[in-house]
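Below is one structure, written out as C-alpha cells; the observations come after it.
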Amino acid sequence: MVVGLGSVELRLEWSNSLKDKRREIKSLISRVRSRFNVSIAETEQQEQWKKAVLSFAAVSSERRHADSMLNEVIRFIERSTEAELVSYKTEII
Numbered sequence: 078m079v080v081g082l083g084s085v086e087l088r089l090e091w092s093n094s095l096k097d098k099r100r101e102i103k104s105l106i107s108r109v110r111s112r113f114n115v116s117i118a119e120t121e122q123q124e125q126w127k128k129a130v131l132s133f134a135a136v137s138s139e140r141r142h143a144d145s146m147l148n149e150v151i152r153f154i155e156r157s158t159e160a161e162l163v164s165y166k167t168e169i170i
C-alpha cells in the first residue's frame with residue numbers, strides 16, 4: 078500500500094472577507110472530492126481571508142499511480158479557481 082500526501086498554498090487576493098474565502102474553498106474542496114478519490118481539507122490559515130492551505134491524501138497500490146493522482150489534483154486546483162497557486166508539495170509514503 079502506498080499513501081500519497083499533497084498540499085497547496087493558495088492566495089485569494091480578491092477575497093474581502095472570510096465569508097468570500099470560505100465560499101470559494103468549500104466549492105473547490107467539493108469539486109476535488111467529486112472528481113478524484115482523495116481526502117481533502119483546509120488545514121492551515123483558516124482565519125486569514127487572503128490565504129488558504131489545502132492538504133489531500135490518496136491511497137494506491139502503486140507509487141506511480143499515487144504520484145500521478147497527486148499531480149492531477151494539483152493541476153485541477155490550479156485550473157479550477159481564481160486563487161493563485163503559491164506553492165505545493167507532495168510526498169509518497
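Every letter in the sequence shown is one number past the one before it in the numbering used here, and letter 41, counting from 1, is 118.
Backbone N, C-alpha and C fix where the C-beta goes; we use that ideal spot for every residue, glycine too.
Handout entry: Neighbourhood of A134 by C-beta distance below 7 Å, restricted to the same chain and skipping five residues each side
Key = Here residue 134 corresponds to residue number 57 of the sequence shown, with the count starting at 1. Within the same chain, V80, G81, L82, V115, S116 come within 7 Å of A134 by CB-CB distance, once the 5 residues on both sides are set aside.
Problem - the stretch 136 to 143 in contact with the stretch 90 to 109 per 3-pair CB rule at 8 Å - result: Fewer than three pairs of CB atoms, one per stretch, sit closer than 8 Å, so the stretch 136 to 143 makes no contact with the stretch 90 to 109.
Practice task
Would you list, in sequence order, the uninterrupted beta strand (DSSP E) runs of no fewer than 3 residues that lie entirely inside the stretch 83 to 150?
Solution key: Fully enclosed beta strand (DSSP E) runs of 3 or longer: 116 to 121, 128 to 137.
Problem - Per-residue DSSP class, three states only, for I169 - result: Taking the sequence shown and counting its residues from 1, the one referred to as residue 169 is at position 92. I169 falls in the strand class under three-state DSSP.
Problem - Cut-off 8 Å between Cβ atoms - residues of its own chain near I154, not counting five sequence neighbours on either side - result: Start at 1 with the first residue of the sequence shown, and residue 154 comes out as number 77. Close CB contacts of I154 within its chain, under the 8 Å cut and outside five residues either way in sequence, are with V85, L87, L105, V109, L131, L162 (chain order).
Exercise for the section: Taking all protein chains shown into account, decide if S92 is buried (16 or more other Cβ within 10 angstroms of its Cβ) or exposed. Expected result: The residue given as residue 92 occupies position 15 in the sequence shown. Result: buried.
Exercise for the section: Could you give the DSSP three-state label for E161: helix, strand or coil? Expected result: On the sequence shown, position 84 is the one that residue 161 refers to. If DSSP states are grouped into helix, strand and coil, E161 belongs with the strands.
Practice task
State buried or exposed for L95, treating a residue as buried only when at least 16 other CB atoms are found within 10 Å of its CB.
Solution key: Counted from its first residue, the sequence shown places residue 95 at position 18. By the neighbour-count rule (16 or more Cβ atoms within 10 Å), L95 is not buried but exposed.
Handout entry: Buried or exposed by the 16-neighbour rule on C-beta atoms within 10 Å, applied to I170
Key = On the sequence shown, residue 170 is found 93 positions in, with the first residue counted as 1. Counting Cβ neighbours within 10 Å, I170 comes out exposed, since fewer than 16 surround it.
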